[in-house]
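Chains as they are written, first to last, in this note's numbering: chain A, 1 to 213; chain B, 1001 to 1213. Every residue, glycine too, gets a C-beta built ideally from N, C-alpha and C. Below: one structure, written as structure tokens.
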DNA sequence: CCGGATCCCCAGGGATACTG
DNA sequence: CAGTATCCCTGGGGATCCGG
């Protein structure tokens, strides 16, 4: 990792996480939680395995992730973020919010993962009914699945499938994301190919909160 | 600029501003306001002129900066951020806040600019006395000068010198930054070589605000 | 199959020189 | 002053191979 050599907080931060792929590795570990080398690699389509290897090593040296050798019968290495690694979440949030403007068009050769889409609402939306019952939205896009969990004033996302979701969204990534972020209304999303199963009133729980400056 | 090819807001953002030096170019234009090629270059010690040239071109193509040919007698090109470029400020703020942890030690070969130090308090501090009189702190570090202006609940920073500052801070960068951010108290900063001229009560106006999640 | 290591190749970045 | 042009070199992409 080449350094900028500037006594500036921003430059110092970029010395650590400014290399190519580094922030995306953090994104995957943040969204997936502790996981294996291959899981991280699957979440980063396009990365070369040797590069992921060196990135994980660098991140460990920087104290942003820790590696743990799980004992048999698992017998594999588990990677997870440290507290300082998780402290990068505000950075991912700010970057993600700014990047939303570039999501209005989908490229045909883009890779898509459902949990990338599920992550977006957590940046700027707040639970509009904090005292309401817990609600679960299931996302199915591009063959992958992710879950948005709403309750107690919080919005969280995770990889996987929920047993009994209140609402299931299926369709092209652009339609799913557009509806979740409010960039596209329900009619528009339907026209783009979105399918809804369940109580669509749950969507009202995702209300954009004031964007912190 | 190589693309990640992922339909993810974070990856899309990094496609635009993830290249080396790019965010630091934005930092300079944000802190300096509209300025010339050489001004930007002076604010980015270590960058090669050809690289700055291509970065400015890329940023213009992306719509983050605009270039303006000033008429004679100036007869030079002025670069400045567009609204979308300025919209990156929350990103710089999040990155800068996270990077503060790496500022506790100074490297001997680090470049320093006073306005980098002056920028930090604007990230997490709020004017503790919004109804109080406007106050000005002059920074002098590493031969350069920057100003922090406090008033009306806002904290702002800029390059240069103020005519009648309420307080002037002089000394090694680490001491100046440490005092401004609260990482070092007054006694500690003095021991590191900090000199204060004027009303040091002004420092109480810089009170850390709640860190937005 | 998992978790890498090794090799080759090329584009992007760094240093310097040069020009309108 | 405001950039281009040039050369060199490293870091990253891609494929393949290897030990557990």
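Not one beta carbon of chain B lies nearer than 8 Å to the beta carbon of residue 49(A). Using a CB distance below 9 Å, the part of the segment 81–107 of chain A facing chain B consists of 84, 87, 88, 89, 90, 91, 92, 93, 94, 95, 96, 97, 98, 99, 100, 101, 102, 103, 106 and 107, ordered along the chain. Within chain A, the residues 116 have their CB atoms less than 7 Å from the CB of residue 1008(B), given in chain order. In this structure, the CA atom of residue 155(A) is about 15 Å from the CA atom of residue 90(A).
Within the same chain, and ignoring the five residues on either side of residue 106(A) in sequence, the residues whose Cβ sits closer than 7 Å to its Cβ are 173 and 174. The beta carbon of residue 43(A) lies closer than 7 Å to those of 28, 32 and 113 in the same chain, with the five residues before and after it left out. With a threshold of 8 Å between beta carbons, residue 1130(B) makes no contact with chain A. Taking one beta carbon from each stretch, the segment 1008–1018 of chain B and the segment 1092–1103 of chain B have fewer than 3 pairs nearer than 8 Å; the two do not touch. DSSP places residue 122(A) in the uninterrupted alpha helix (DSSP H) bounded by 121–124. Of all residues in the segment 1007–1038 of chain B, the ones placed with a Cβ closer than 9 Å to any Cβ belonging to chain A are 1007, 1008, 1009, 1010, 1011, 1012, 1013, 1014, 1015, 1016, 1017, 1018, 1019, 1020, 1021, 1023, 1024 and 1027, in chain order.
Residue ranges of uninterrupted alpha helix (DSSP H) with 4 or more members, entirely inside the segment 1077–1118 of chain B and ordered along the chain, are 1083–1086 and 1089–1099. Residue 1188(B): member of the alpha helix (DSSP H) spanning 1186–1191, first to last residue. Annotated as distal: residue 55(A) and residue 104(A), with beta-carbon spacing of 8 Å or more. Within chain B, the residues 1007 have their CB atoms less than 7 Å from the CB of residue 112(A), given in chain order.
When 7 Å is used as the limit between beta carbons, residue 1120(B) is near these residues of chain A: 9, in chain order. By the criterion of a C-beta distance shorter than 6 Å, residue 1025(B) is surrounded in its chain by 1055, once the five residues flanking it on both sides are discounted.
Excluding five sequence positions before and after residue 162(A), the CB atoms of its chain that fall closer than 7 Å to its own CB belong to 136, 138 and 147, given in chain order. Here the alpha carbon of residue 1007(B) sits roughly 39 Å from the alpha carbon of residue 1159(B).
Residue 1045(B) belongs to the set of residues whose beta carbon lies under 8 Å from a beta carbon in chain A. Exclusion of the five residues before and after residue 1149(B) leaves 1136 and 1156 as the residues of its chain whose Cβ lies within less than 6 Å of its Cβ.
In terms of beta-carbon proximity, residue 165(A) stays away from the interface with chain B, with every pair separated by 8 Å or more.
For residue 1109(B), the chain A residues whose C-beta falls within less than 7 Å of its own C-beta are 5, listed in chain order.
Around residue 206(A), the same chain offers 121 and 125 as residues with beta carbons nearer than 6 Å, after the five sequence neighbours per side are excluded. Per DSSP, reduced to three states, the secondary structure at residue 1047(B) is coil, with no helix or strand assignment. Rounded to the nearest whole angstrom, the CA to CA distance from residue 181(A) to residue 194(A) is 14 Å. One Cα belongs to residue 53(A), the other to residue 59(A), and the distance between them is close to 10 Å.
Listed along chain B is no residue with a C-beta nearer than 7 Å to that of residue 208(A); the closest approach is about 15 Å. For chain B, none of the residues of the segment 131–157 of chain A brings a beta carbon within less than 7 Å of one of its beta carbons. A Cβ-Cβ distance of about 7 Å is found for the pair residue 168(A) and residue 140(A), placing them in contact under the 8 Å criterion.
Here the alpha carbons of residue 153(A) and residue 130(A) stand approximately 4 Å from one another. Measuring C-alpha to C-alpha distances from residue 1086(B) to each of 1017(B), 1116(B) and 1057(B) identifies 1017(B) as the nearest.
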